Amino acid sequence: MPADHSGGFASLHPAVSIGYFVLVIGVSVFVPHPVLLACSVLGALVLCLQLRGGRSTLRLLAGLVPLALIAAAINPLFNHQGVTIIGQIGGNPVTREALLYGAALACMLVAMLLWFTCYNVVVTTEKFLAVFGRIIPSLALTVSMALRFVPRYLRQLKAITAAQRGLGRNSASVTDSPGGDKYPWGVCHAANLLNRLRNSFAVLSILTSWALESALDTADSMHARGYGLPGRSAYRPFRFTARDAGALALILTCAAVVIVALTSGVVSAQYLPSLQLNLGAAGLPANARNLLIACAYGAFGLLCLLPVLFELQEEVAWRISRSTI
Amino acid sequence: MAYLALDHLSFSYPDATAPALSDLCLDIDAGSFVVLCGPSGCGKTTLLRQLKPALAPAGEREGQIRLAGRLLDELPARESASHIGFILQDPDSQIVTDQVYHELAFGLENLGVASDEIRLRVAEIASFFGIQEWFGCACNVLSGGQKQLLNLAAIMASRPALLLCDEPTSQLDPIAAANFLTTCKKINDEIGTTIIVSEQRLEEVVPLADRVLVLESGRLIADATPEHIGADLLAAHSPMFAALPTPIRLFSALEGERAIGVTPAPTTVRAGRAYLQEKLSSRSVAEEAPIVAPRELDASAKPLLSLHEVWFRYERNAPDVLRGLNLDIYPGELTAIVGSNATGKTTTLNIIAGLLKPYRGRVKRDQHMLVGGTGTGGIALLPQDPRLLFTHKTVREELTAMLPLASGSATERAQRLSDVIDQCEITGLLDRHPFDVSGGEAQRIALADVLLARPRLLLLDEPTKGMDAIFKQRFAKLLHTLIAAEGLSVVMVSHDIEFCARHADRCCLCFNGEITASAPPRPFFANMTYYTTAARRISRGLAPDAITTSDIIAALSPGTPE
């Protein structure tokens, strides 16, 4: 399958990778727990480095970090709850808890954006369609056709504009001419807004006629190839292998542990009015609680680093196989 | 029992005065490769669509079509979808999905083939067509030739027994066209699929075929093997004779009446050479063949426009498209720029028009000679696809809208309009929608559109693409009339070397961003062995300086021009 990055984690069945991203992004966005967020940001960042390389990741961070700083700064400026006052801005108190909460929100934002960046590399459009095409086949075909139309329409628009310029119907041809001199024809038209509007309208009208014509052809081609016959099947270009099953089992196990810990409240985070971590399910004995907390941290950490481990494992396997050649 | 049998088939479109097909009787054997030809509008597309129930146009039909003994109308939709493949003209618009693999699977999905079976079929079809290299691509990055091959492959994936192609190569350059046709031949030879292909350019496809059908105004006027079709058309005095491959035309012209039904005509250049050689051994050649005298070019004329050491690239970091190109355009000449794809031909045209600016080098032109100039000073550039120009609902409105660009008083303009309509022979089309006419007609309307402004220099990008042979001759005549009557100069970019050899005053070879050679067509094409006309390839070393069929005929029989 075509993809810039196709090995390691990206070579898993798209249903597994899409499920994975939904889970990780979901937990990162809904649970502002500092330990879980730290795992999430770390995992996403390392994966991003692996998938997109240092340069591109740095460029991404250059945009992300200021955004995160602003997000972190806004909360304590407007939220004055919290018990520990550490200063005052404009007569309003700034609290430590509000500052921490802002930081958590910023981490959430960064984690989410980094995960989505990775998602875009791993889950290409056709992978998305391969998964959702089975659930809603007509939607998948519509999306696939739309994806084809957009570049075609743009190309045609360019061709029409060029053709109109070739007849001197577009004022741009005069202003772009060598030397940029004003020619008699240009003087009376170039600055004429109405004329320009008329030209744009003409271009649009040609594009519409063309689009309708070509849509007729496409409809003919679909009809000729039996579109509309009952019992349409869907081609699945991806196979679900034992490796996918293993990865899925691992993901589901980790997810189960994390979800039990979260729903029972054993792993929880409260920032306001005071910072309180892991306070739920007070009835449980301390040993069991600590064990569950440790397990949940470990499970989520493993979950976040899973793609990274897949990539590393492949890298190592590749080196070993190369060294034995 | 014939595989495909047409029994007195007639068809009329609703509200049409004349039938589109009349009384066709035809038996086609399984596994044959049939070429269907005829001038545009003769009913080729209508006939092909009759053979594919899903695409049959609305109208009144008489007679019967039987496929393998069964009435075509009684064929279940599923069988008709899988058994009869249909390729349309435009490579782009018949692609449905955005990925090559998905396109290959599309027809099979419609037929409800199981996923594992699709995997197998897609794999074998990709291997057969050699499309592994771009199997993983998105459809919109493919070239036109690749797209049409993809369409063919996608249709062959459902294993049809009958393949119908409606002018499949009309939008392709010659190399891609030849590639497509040889692939069709390969399918025919190796799989045994029955193929009916309609074509305008017959030079390549006729030698591949078993049978040639010629339609004119909905009637079958000739039905013969490629070896005998020339004699038949000659006997019928059909203008379609002019469209036949060079060796056949040469043979029929030289043999005359004797050719009819006796000896088979050569269809390939190789057979044509052998024939000519044999012919020469029995006759004396006019050594100093004066041939058809070429139009004298005025050696002292000053160029109308010249490009001097022009360098151009589309983006800062993109490779150079033009690398020190030199070109002189002389007034009153038809200059043809030939060359293969991506050598900078169209870019050169845009530079001449002033739509692109070279980053190095000079374009020497008259101050007012620019695109959009009024009066007699302007340049007009006609794009490859004339439909890019039409903005109005009828041809009449379209032309009237261009009138303000014409100079002179209202009566002069009206006169100009009716002159141009006559010259371009579009009187009958005035009330039609410009999208509703055939390719050749659209080309004429576009030409009328630009001529209204009386340009001094007309630039044409692939004007003969999709034109039939008969109209090509009329088009050439029209260009020469305009050159003579209005002092127009024409520069055309073309792949059609046969047309350039016959009608251009000067030919330029564009290669690698440069004009490598520039000369009148005779010395130009006579000097080449590979990139030259079929007539030249046949007569190389046999008839000096002959580049067209009439040249060869003249060389063989002095004093009797065609």
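Line order of the protein sequences matches chains A and B.
Numbering-wise (my numbering), the first sequence opens with residue 1 and increments by one.
Numbering-wise (my numbering), the second sequence opens with residue 1001 and increments by one.
Cβ coordinates follow ideal geometry from the N, Cα and C atoms, glycine included.
Here the structure is a predicted model, which is why all the values come from computation and not from measurement.
Contact check, residue i vs residue j, beta carbons under 8 Å
| i | j | result |
| --- | --- | --- |
| Ser1022(B) | Glu1060(B) | no |
| Leu1478(B) | Leu1458(B) | no |
| Leu1190(B) | Thr1246(B) | Here residue 1190(B) turns out to be Glu, not Leu, going by the sequence shown. In this structure, Thr1246(B) does not lie closer than 8 Å to Glu1190(B) by Cβ. |
| Leu1009(B) | Ile1084(B) | no |
| Ser17(A) | Phe1435(B) | no |
| Arg225(A) | Gly1107(B) | yes |
| Gln1148(B) | Phe1128(B) | no |
| Leu1024(B) | Leu1036(B) | no |
| Leu1355(B) | Arg165(A) | yes |
| Ala163(A) | Leu1388(B) | yes |
| Thr218(A) | Ser1093(B) | yes |
| Pro237(A) | Glu97(A) | no |
| Leu58(A) | Pro76(A) | no |
| His13(A) | Phe201(A) | no |
| Ser1080(B) | Ala1054(B) | yes |
| His1228(B) | Pro1264(B) | yes |
| Met1156(B) | Ile1187(B) | yes |
| Ile1547(B) | Ala1526(B) | yes |
| Ile1351(B) | Val1363(B) | yes |
| Phe1563(B) | Leu1164(B) | No statement about residue 1563(B) is possible, as the shown extent of chain B runs from 1001 to 1562 and does not include it. |
DSSP beta-bridge partners of residue i
| i | result |
| --- | --- |
| Asn92(A) | Ile89(A) |
| Leu312(A) | Paired residue(s): none; Leu312(A) is not in a bridge. |
| Phe1511(B) | Glu1514(B) |
| Asp1600(B) | A query on residue 1600(B) cannot be resolved here, the shown segment of chain B reaching from 1001 to 1562 and no further. |
| Ile1196(B) | Val1034(B), Leu1164(B) |
| Val1363(B) | Leu1307(B) |
| Val122(A) | None; Val122(A) has no bridge partner. |
| Ala1535(B) | According to DSSP, which records beta bridges pairwise, Ala1535(B) is partnered with nothing at all. |
| Ser1012(B) | Glu1060(B) |
| Ile1224(B) | The displayed chain sequence assigns Ala, not Ile, to residue 1224(B). For Ala1224(B), which the question treats as bridged, DSSP gives the partners Val1212(B). |
| Ile1337(B) | Val1493(B), Cys1508(B) |
| Ala1380(B) | Leu1458(B) |
| Arg1201(B) | Answer is none; Arg1201(B) lacks a bridge partner. |
| Phe1312(B) | Leu1322(B) |
| Ile1028(B) | Leu1004(B) |
Listed by chain order, chain C residues near residue i by CB distance under 8 Å
| i | result |
| --- | --- |
| His1083(B) | Going by chain labels, chain C is absent from the structure shown, which instead holds the protein chains A and B. |
Member of the options whose CA lies at the smallest distance from the CA of residue i
| i | options | result |
| --- | --- | --- |
| His1433(B) | Arg1456(B), Met1467(B), Leu1451(B), Arg1396(B) | Arg1396(B) |
| Ser144(A) | Tyr153(A), Phe128(A), Ala249(A), Leu100(A) | Phe128(A) |
| Cys986(B) | Ala1448(B), Gln1384(B), Leu1355(B) | Here chain B covers residues 1001 to 1562 and nothing more, so residue 986(B) does not appear. |
| Cys1137(B) | Ile206(A), Glu213(A), Thr125(A) | Thr125(A) |
| Ala1077(B) | Leu1556(B), Ala1056(B), Ile1087(B) | Ala1056(B) |
| Leu1120(B) | Lys1302(B), Ala1222(B), Leu1104(B), Glu1133(B) | Leu1104(B) |
| Arg1219(B) | Gly1466(B), Ser1550(B), Ala1442(B), Pro1039(B) | Pro1039(B) |
| Pro1226(B) | Ala1242(B), Ala1235(B), Leu1250(B), Thr1267(B) | Thr1267(B) |
| Arg1201(B) | Ala1154(B), Phe1471(B), Thr1400(B), Arg1506(B) | Phe1471(B) |
| Val1034(B) | Arg1211(B), Val1141(B), Gly1063(B) | Arg1211(B) |
| Gly1041(B) | Thr1481(B), Val1437(B), Gly1069(B) | Val1437(B) |
| Asp1166(B) | Lys1044(B), Ala1002(B), Ile1248(B), Arg1537(B) | Lys1044(B) |
| Asp1328(B) | Ala1058(B), Ser1300(B), Phe1499(B) | Ser1300(B) |
| Val1420(B) | Val1269(B), Val1491(B), Thr1481(B) | Thr1481(B) |
| Gly327(A) | Ser1550(B), Thr1394(B), Ile1095(B), Leu1382(B) | In the structure as shown, chain A begins at 1 and stops at 325. Residue 327(A) is therefore absent and cannot be evaluated. |
| Arg232(A) | Ser1115(B), Leu1399(B), Gly1130(B) | Ser1115(B) |
| Ala103(A) | Val83(A), Leu42(A), Leu216(A), His33(A) | His33(A) |
Closer than 7 Å: residue i CB and nearest the ligand ADP heavy atom
| i | result |
| --- | --- |
| Leu1006(B) | With respect to the ligand ADP, the structure offers nothing, as it holds no ligand at all. |
To test your reading of the DSSP string, which unbroken beta strand (DSSP E) runs of 3 or more residues are found completely within the stretch 31-101 of chain A?
85-89, 92-95
Against chain B: residues of the stretch 208-241 of chain A by CB proximity under 7 Å:
Ser209, Trp210, Glu213, Ser214, Asp217, Thr218, Asp220, Ser221, Met222, His223, Ala224, Arg225, Gly226, Tyr227, Leu229, Gly231, Arg232, Ser233, Ala234, Tyr235, Arg236, Pro237
Which of the residues in the stretch 1059-1078 of chain B, read from start to end, lie with their CB under 9 Å from any CB of chain A?
Ala1077, Arg1078
Give me the subset of the stretch 1086-1111 of chain B whose CB atoms are less than 8 Å from a CB atom of chain A, sorted by chain position.
So the list reads Phe1086, Leu1088, Asp1090, Asp1092, Ser1093, Gln1094, Ile1095, Val1096, Thr1097, Asp1098, Gln1099, Tyr1101, His1102, Ala1105, Phe1106, Gly1107, Leu1108, Glu1109, Asn1110, Leu1111, given in the order they occur along the chain.
Taking a cut of 7 Å between CB atoms, which residues from the stretch 1509-1528 of chain B lie near chain A?
none
So if I threshold CB-CB distances at 7 Å, which residues from the stretch 138-153 of chain A count as touching chain B?
Ser144, Met145, Leu147, Arg148, Pro151, Arg152
Residues of the stretch 1379-1390 of chain B with a CB closer than 8 Å to any CB of chain A: list them in chain order, please.
Ala1380, Leu1381, Leu1382, Pro1383, Asp1385, Arg1387, Leu1388, Leu1389, Phe1390
Please list the residues of the stretch 1483-1505 of chain B that have a C-beta atom closer than 8 Å to any C-beta atom in chain A, keeping them in chain order.
none
If the cut-off is 8 Å on Cβ atoms, which residues from the stretch 1153-1167 of chain B count as contacting chain A, listed in chain order?
Ala1154, Ile1155, Ser1158
Please list the residues of the stretch 1421-1436 of chain B that have a C-beta atom closer than 7 Å to any C-beta atom in chain A, keeping them in chain order.
Phe1435
Interfacial residues, the stretch 1025-1055 of chain B to chain A, with Cβ spacing under 7 Å:
Lys1052, Ala1054, Leu1055
At which residue ranges does the stretch 1061-1088 of chain B contain complete beta strand (DSSP E) runs of 3 or more residues, listed in the order of the chain?
Within the stretch 1061-1088 of chain B, the complete beta strand (DSSP E) segments at least 3 residues long are 1084-1087, listed from N- to C-terminus.
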